[in-house]
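Peer 1: Just so we're aligned: the sequence shown equals residues 96 to 178 in the numbering used here. Idealized CB from N, CA, C, for every residue including glycine. Please read these numbers as outputs of a predicted model, since none were measured by experiment. Before I ask anything, here is the structure I am working with.
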Amino acid sequence: MVQYPLTGAHTQRDLYIIRDEPLTARRYSDEILRPIVVPYAAAIGDDFILMDDNCRPHRANLVEDFLFEKESYEWNDQRVLQT
96 MVQYPLTGAH TQRDLYIIRD EPLTARRYSD EILRPIVVPY AAAIGDDFIL MDDNCRPHRA
156 NLVEDFLFEK ESYEWNDQRV LQT
């Protein structure tokens with residue numbers, strides 16, 4: 096089971112839990128990044144930071160390419176997603 100809490104200084108979203116199948120890069124991109132993280136990042140604005148734990152789905156080329164398309168930048172082991 097994989098859990099993804101989304102919290103911020105003044106906001107909190109529901110916990111997203113993946114139970115049924117393994118988390119692949121495609122699922123991470125399609126079920127978490129696109130529908131949840133990108134709109135959340137847009138709502139937070141320039142202060143948004145996306146941090147991951149370097150597990151394989153987070154670092155797959157598919158995910159890296161998606162984040163690059165969204166103008167992501169790595170700095171001090173944190174990923175800043177510019178929307």
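Which two residues bound the contiguous beta strand (DSSP E) that contains tyrosine 111?
Peer 2: Unbroken beta strand (DSSP E) run through tyrosine 111: 111-113.
Peer 1: Which residues bound the alpha helix (DSSP H) around leucine 118?
Peer 2: Element bounds for leucine 118: n/a, residue is neither H nor E.
Peer 1: Near valine 158, what residues of its chain come up, given a Cβ to Cβ distance below 8 Å and the 5 sequence neighbours on each side ignored?
Peer 2: Counting only Cβ-Cβ distances below 8 Å, and skipping sequence neighbours, we find Ala120, Tyr123, Ser124, Leu128, Pro152.
Peer 1: Go ahead and label alanine 136 buried or exposed: buried means 16 or more other beta carbons lie within 10 angstroms of its beta carbon, across all protein chains shown.
Peer 2: Alanine 136 is buried by the Cβ-count criterion.
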